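Enquirer: Before I ask anything, here is the structure I am working with.
Dropping the structure here:
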């Protein structure tokens, strides 16, 4: 039997483009993980989630263990909309879909919007997992550079106008992470936010706003694109992975009801009654304002430690953006970061090579992403020391 | 802004075929639910799942709340393979994918196998949700009748041979629920099982075996197709929804590693560390053999109660198959069951009209599905009395 012969064209194509399992090398035991975009272990609310699960099951018995039945599932929709309202995003129940994290939301949006001839606009660099997802649906992309003020909307405008003049297709949507971008850590200015929304109207495209890090600002809060969107063009994707716990797999999309309805149609994992109800029970008994203050202070301190260590231990030629929130710092070094990774792992420190974040991988050769979220402060310093040794060797 | 204009062709087509939310009418509060394929509330192991969640979080702390890290996730793969081995299915770690219930597994299989020109073979009747899923990918189907001995493989053979002679396309796969089928409750005989596997080789198609009910036999155990499959043609889908709790969303596919790898590639909900680790902790401390004995005895008793009530309260013209396991009884009545549903709901009893289970809905007009799993014995009897009143009115 020839297994390959049974695969759909679509599936053959996707598997050829980017074979699964050939992404990052395995990180050896004991290696300092500056690659991992995980929350700090001590900030994961283990006791509180345990209490939530216990009281949920004591109160509702078998209800959250059936397909339907727990009133807490509906409650979660409500609680997340309350959280969105605090950020200026007003949506009704029919404008919100709970998903298994942001990734499932991005996949469902891709599924309802992308044909194999659809053009998609992405940032350069951008979240690698989103790129992978879009590549499962189309091979047509444009990418627009990000600088320290986020997406360069003037370059986007030039590109769109040029394509329009030439009679080329325009993107169906732009995928952007406007706030504390993954991987650059940079944030789109308010001016550029207004500009990109104007462009969406002018050139008739949608915006997929990935806001996984928006609540983790150090000082100033940026307004989500969705809160500035008067035309229903923004599909806003968020998640509790970075502010509560990724293992609970709770994300969402806030968008026009037609989009939500279509996404729900294709979401064949049904809902996750136990996980969703447990999260609702957790949120009901948590002062998220207080929690977010702790998270912000902790991650800001960890970020400072990382930045100081970079100053102290890295060669002077290395350049980075100073983030104002989120999980990441983006570095440019004078070396091929993919090639260097083996040495770094041997030295006992991991990072993510820049090339994975670019549509055109060559553009990312000299970049790398560090995360200050997961490792503790001492470990971060030791990690940077090790990275410094590796980088000095190739200088 | 014209929302519709942004939808992918595929998505427009799917939404047109079968608009979401227009399936069953809402079942009124207080109505006896003989429609619901849910486990009996008192058989859902609430206390045990609570204990499992507590001990998991006490033992592993934050690990099951991150993306990765809990050893219990790998353990779940192992425990499910042990359970499959008891049923004659021997697979390695790479031949098993944990999914969010059987539905996600079916969707992922559809995704890797179906192009828009792909022919899919289904049973008539069959599980409505699977039909819906396949329709999201293709419009090309053949359906083969089921009788009291399961899929009529001789009719399948005739159809395949006829298509072959005519130079028509052959199916890429057959979707079958060989054991305690949903909705008919019938089971494919061993002879037919052998026959369908031979046909798969002869006409070069795969078999998607949905085995959600296989462990819930009353007396005799049927061998899964996967256990008889020497050629790697069977993709076996299972679930803990019917034997533990659907709200945990734990299902799987056991298949050749190439299929598993491709499915994993498209599964963008990542894994569900908390749910999967909690389930592993539950299984580790549960004697499933003992539990299954209780389930079998209980459902058999509930089924007997339903069957006796049918004898007693339904018009003599009504016909049904006597199931040997599972959750369902399939009835043929002398009326349009879709039209009758409003009256039944008014009378205070729900069922699922037969038409939803057929590719060609007209074939199902006079059928309906009852479930004995959810309601308790007294309620089942009262439900059948009410159904009897409705049916007698139209005789």
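Chains as they are written, first to last, in my numbering: chain F, 10 to 404; chain V, 10 to 404.
Using N, Cα and C, we set each Cβ at its ideal position, and we do this for glycine too.
Given the structure is predicted, the values throughout are model-derived calculations rather than measurements.
1) Quick check on the DSSP output: what are the complete alpha helix (DSSP H) runs of length 4 or more inside the segment 186–210 of chain V, in order along the chain?
2) With 7 Å as the threshold, decide whether the Cβ of residue 364 of chain F is near any Cβ in chain V.
3) Below 7 Å on C-beta distance, what does residue 23 of chain F contact in chain V?
4) Taking all protein chains shown into account, decide if residue 10 of chain F is buried (16 or more other Cβ within 10 angstroms of its Cβ) or exposed.
5) Using a Cβ-Cβ cut-off of 8 Å (strictly less than) and excluding sequence neighbours within five positions of residue 30 of chain F, which residues of its own chain qualify?
6) Exposed or buried, what is residue 118 of chain V when buried is set at 16 or more other beta-carbons lying within 10 Å of its beta-carbon?
7) Any residues in the segment 51–78 of chain V with a beta carbon nearer than 7 Å to a beta carbon of chain F? Which ones, in chain order?
8) Is residue 156 of chain F helix, strand or coil by DSSP?
9) Assuming residue 233 of chain V and residue 103 of chain V make a contact with CB atoms under 8 Å, what is their CB distance in whole Å?
10) List the residues of chain F that residue 10 of chain V touches, going by C-beta distances under 7 Å, in chain order.
11) If you drop the 5 nearest sequence neighbours on each side, which residues of the same chain put their C-beta closer than 6 Å to that of residue 21 of chain F?
12) Quick one: is residue 276 of chain F buried, meaning 16 or more other Cβ sit within 10 Å of its Cβ, or exposed?
13) Who are the near neighbours of residue 77 of chain V in its chain, counting only those whose CB is closer than 8 Å to its CB and skipping five residues on each side?
14) Going by DSSP in three states, residue 218 of chain F sits in which element: helix, strand or coil?
15) Note down, in chain order, each residue of its chain lying with its Cβ closer than 7 Å to the Cβ of residue 398 of chain F, except the 5 sequence neighbours on either side.
16) Taking 7 Å as the cut-off, decide whether the C-beta atoms of residue 181 of chain V and residue 127 of chain V are in contact.
17) Among F/133, F/156, F/129 and F/261, which has the Cα closest to the Cα of residue 143 of chain F?
18) Would you mind listing the alpha helix (DSSP H) stretches within the segment 104–149 of chain F that are 4+ residues and don't spill past its ends, in chain order?
19) Taking C-beta to C-beta, are residue 223 of chain F and residue 188 of chain F nearer than 7 Å?
20) Roughly how many whole angstroms lie between the Cα atoms of residue 75 of chain F and residue 248 of chain V?
21) Is there contact between the segment 334–348 of chain F and the segment 201–210 of chain F, where contact requires at least three CB pairs shorter than 8 Å?
22) Under the three-state reduction of DSSP, which class applies to residue 43 of chain V: helix, strand or coil?
23) Taking a contact to mean a Cβ-Cβ separation below 7 Å, would you say residue 18 of chain V touches residue 289 of chain V in this structure?
24) Verify whether the separation of the beta carbon atoms of residue 159 of chain F and residue 135 of chain F is less than 7 Å.
25) Determine, for residue 288 of chain F, whether the minimum Cβ-Cβ distance to residues of chain V falls below 7 Å.
26) Are the CB atoms of residue 111 of chain V and residue 210 of chain V nearer to each other than 7 Å?
27) Which value, in whole angstroms, describes the spacing of the CA atoms of residue 215 of chain F and residue 116 of chain F?
28) In the DSSP assignment, what residue or residues form a beta bridge with residue 261 of chain V?
29) Mind listing which residues of the segment 211–234 of chain V have their C-beta closer than 7 Å to chain F's C-betas, in chain order?
30) Measure the beta-carbon distance from residue 132 of chain F to residue 153 of chain F and round it to whole angstroms, keeping in mind my assumption that it falls under 8 Å.
31) Identify the contact partners of residue 127 of chain F in chain V, using a Cβ-Cβ distance below 9 Å as the criterion.
32) What in chain F is Cβ-close to residue 118 of chain V, meaning under 8 Å?
33) When DSSP labels each residue in this structure, what does residue 337 of chain V get in the three-state scheme?
34) Of the residues F/123, F/347, F/341 and F/63, which one's Cα is nearest the Cα of residue 156 of chain F?
Expert: To lay it out plainly:
1) none
2) no
3) 274
4) exposed
5) Bear in mind that a pLDDT of 43 at residue 30 of chain F, under 50, signals an unreliable position, so the number given afterwards is only what the model happens to contain. Counting only Cβ-Cβ distances below 8 Å, and skipping sequence neighbours, we find nothing.
6) buried
7) 53, 55, 58, 59, 62, 63, 66, 70, 71, 73, 74, 75 and 76
8) strand
9) The Cβ separation is near 19 Å, so there is no contact.
10) 240, 241 and 242
11) none
12) buried
13) 282
14) strand
15) 356
16) yes
17) F/129
18) 110–122 and 137–144
19) yes
20) 13 Å
21) no
22) coil
23) no
24) no
25) no
26) no
27) 15 Å
28) V/107 and V/247
29) 215
30) 6 Å
31) 17
32) Chain F residues near residue 118 of chain V: none, gap ~10 Å exceeds 8 Å.
33) strand
34) F/341
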